[in-house]
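Numbering (our numbering), first residue to last: 25 to 363.
Every residue, glycine too, gets a C-beta built ideally from N, C-alpha and C.
Just so it is clear, the structure is predicted and the values come from calculations on it, not from any experiment.
Reviewing the structure listed below.
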Amino acid sequence: MRYGQRASRFIRQFSGPGDHNGIVCFKFWQLIPAAGCPYRCSYCFLQTVPRFRFHPEELSGLVYTNVGDMLQQLQEWLIHPIPRMMIVGELQDGLVFDPAFEKVTGKPLTHWIIPPFARQGRHRLIFLTKSTEIQHAIALPPTRQVVFSWSVNAEEVGRRWEHGTPPPSERFSAAEKMKKAGWPIRFRLDPMVPYPDWKCGYSEAIKRINALEPEMITLGALRATSYRGLRNAAKANGRDDSIFDYLTEQKDPSGFKYRIPFEKQVEMFRFAIEHLKAGITPALCKEDKALWKALGLKFQGCHCLLGARDGIVGERRAEMAATTTRSVPPSKALLPVIA
Ligand code: SF4
25 MRYGQRASRF IRQFSGPGDH NGIVCFKFWQ LIPAAGCPYR CSYCFLQTVP
75 RFRFHPEELS GLVYTNVGDM LQQLQEWLIH PIPRMMIVGE LQDGLVFDPA
125 FEKVTGKPLT HWIIPPFARQ GRHRLIFLTK STEIQHAIAL PPTRQVVFSW
175 SVNAEEVGRR WEHGTPPPSE RFSAAEKMKK AGWPIRFRLD PMVPYPDWKC
225 GYSEAIKRIN ALEPEMITLG ALRATSYRGL RNAAKANGRD DSIFDYLTEQ
275 KDPSGFKYRI PFEKQVEMFR FAIEHLKAGI TPALCKEDKA LWKALGLKFQ
325 GCHCLLGARD GIVGERRAEM AATTTRSVPP SKALLPVIA
């Protein structure tokens, strides 16, 4: 674990996959209190992020200690009049650094950033994690302004390709404790992998999800921006690269990412949606509109948004309408019906 001062801004808006394609993504807001991750998932895209390729010693975790700057920027962001969601866990695991923050800044990260969200009723914060380090967060009074979201998987996928992480069963237990304590929870069932016994593994995971009744579940399947690049990086980092045997050398229709075969992805997502309890909202993340169409899904918000009424959805729709009018053929225009 490394420690340092962050010179650039702590809050960034995701630049997105670009406008002129069929990838459905809204440019979510992210907080960057740390970078990297001590876990060693084979498929982790952080392995190909330029910063970590040039500074491999930071891949296992870099905690930014100038929390005063972070809180100042957070206060400014919270003034915005339109409700928005802030995510922690895009360029790092969102919760695993909580104890490290306590050690070097005197307070866990959760104790720095949850109270400002709890004091207002407009914006929400979401922690995305595979960690079970909930001991500090659970000591705070629960608030609906803060969501905890676990990335979960079939036990076998966790065992084979998510090295160093708590097994999915322990992540479910952590989620259960937080839910019982009164906190909103979500899940990402991601990345789904079509290993031989996937139906059995995922039906077990979905049973746990159903029992916990999260406010949303986001589905994702194995993917990579660079087919060879990510596999080679995993190999160079001593991670099991056999997971990439399931990836094809074909990109989605938008040319955004290499994916598992399209029909298999549809089959797996359909399986998950059919086994989900009524009332749990399914969502997709950065997927091509061809997939939304094949699944017959309507957009009702996504993991990093408050819902279909999030401020960013309105901004994005206005942008798309303007772009479509100017230059983009209607067939390329974004996308799904907003429910
Ligand atoms: S937990 Fe997330 S951030 Fe950490 S190694 Fe795995 S995929 Fe990467």
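Worksheet item: So, are the CB atoms of T305 and M240 less than 7 angstroms apart?
Response: yes
Worksheet item: Between which two residues does the alpha helix (DSSP H) carrying P93 extend?
Response: In the sequence as displayed, the identity of residue 93 is Asp instead of Pro. That run of the alpha helix (DSSP H) goes V91 to L102.
Discussion item. Is any non-hydrogen atom of the ligand SF4 found closer than 6 angstroms to the C-beta of L366, if you look at the structure I gave you?
Written reply: The shown model of the chain, from 25 to 363, leaves out residue 366, and the question about it has no answer.
Worksheet item: Do you know offhand how far F293's Cα is from L243's?
Response: 7 angstroms
Worksheet item: From this set, S227, E339, E273 and H327, which residue's C-alpha is nearest S173's C-alpha?
Response: H327
Worksheet entry | Delimiting residues of the beta strand (DSSP E) encompassing L133 | L133 -> not in any beta strand (DSSP E); alpha helix (DSSP H) instead, spanning L133 to A142.
Item to complete: Could you tell me which residues DSSP pairs with G60 in its beta bridges?
Response: Q116
Worksheet item: On the three-state DSSP scale, how would you describe Y219?
Response: coil
Worksheet item: If we count the other Cβ atoms within 10 Å of its Cβ and call it buried at 16 or more, is C224 buried or exposed?
Response: exposed
Worksheet item: Does the distance from the C-beta atom of P238 to that of R263 stay below 7 angstroms?
Response: no
Worksheet entry | Selected residue, minimal CA-CA separation from Q29, among Y282, K259, I47 and V91 | V91
Fill in: Exposure of G325, with buried meaning 16 or more beta-carbon neighbours within 10 Å
buried
Practice prompt. Out of H104, Q54, C61 and T156, point me to the one whose CA is closest to G335's CA.
Written response: H104
Worksheet entry | Spatial distance of F280 from E126 (CA atoms) | 39 angstroms
Worksheet item: So the alpha helix (DSSP H) F295 belongs to, where does it begin and stop?
Response: F286 to H299
Discussion item. Whole angstroms are fine: how far does the CA of C61 sit from the CA of S250?
Written reply: 20 angstroms
Worksheet item: By a C-beta neighbour count over all protein chains shown, 10 Å radius and 16 as the cutoff for buried, is G206 buried or exposed?
Response: exposed
Worksheet item: In this structure, does DSSP put M202 in helix, strand or coil?
Response: helix
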